[in-house]
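Asker:
In my numbering, the protein residues as written are 1 to 100.
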């Protein structure tokens with residue numbers, strides 16, 4: 001979002017809902033990560049409603065599929081690796097950021 005622009009109450013509420021979804025998805029992802037590592041190391045997990053709804057070899061495919069399935073942005077993408085990695089926009093899902 002551009003600085004100086006005001007958000008409406010609806011936009012703020014949607015952002016809050018997306019952020020809560022992302023936090024819940026991340027907490028869930030941490031609980032299943034060790035079981036994913038052997039077969040899906042390096043892939044990108046698409047998460048929605050505390051579930052993994054897809055695994056992809058490319059981050060952009062996971063993001064594209066997320067937008068197709070959840071146009072409201074209520075999803076997140078996490079890379080399946082055994083160490084913390086900040087993926088910027090991807091690690092936080094579809095939010096108001098504009099760069100990857």
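Using N, Cα and C, we set each Cβ at its ideal position, and we do this for glycine too.
Ignoring anything shorter than 3 residues or poking outside the region 50-82, list the beta strand (DSSP E) runs there in chain order.
Answerer: Complete beta strand (DSSP E) runs here, min 3: 51-56 and 76-79.
Asker: Pick from 15, 55 and 12: whose alpha carbon is nearest that of residue 33?
Answerer: Comparing Cα-Cα distances from residue 33 to each of 15, 55 and 12, the minimum goes to 55.
Asker: Look at the alpha carbon of residue 71 and the alpha carbon of residue 35, and state the distance between them as a whole number of angstroms.
Answerer: So the two alpha carbons sit approximately 29 Å from each other.
Asker: What does DSSP give as the partner residues of residue 44 in its beta bridges?
Answerer: Looking at the DSSP assignment, residue 44 forms a beta bridge with 56 and 79.
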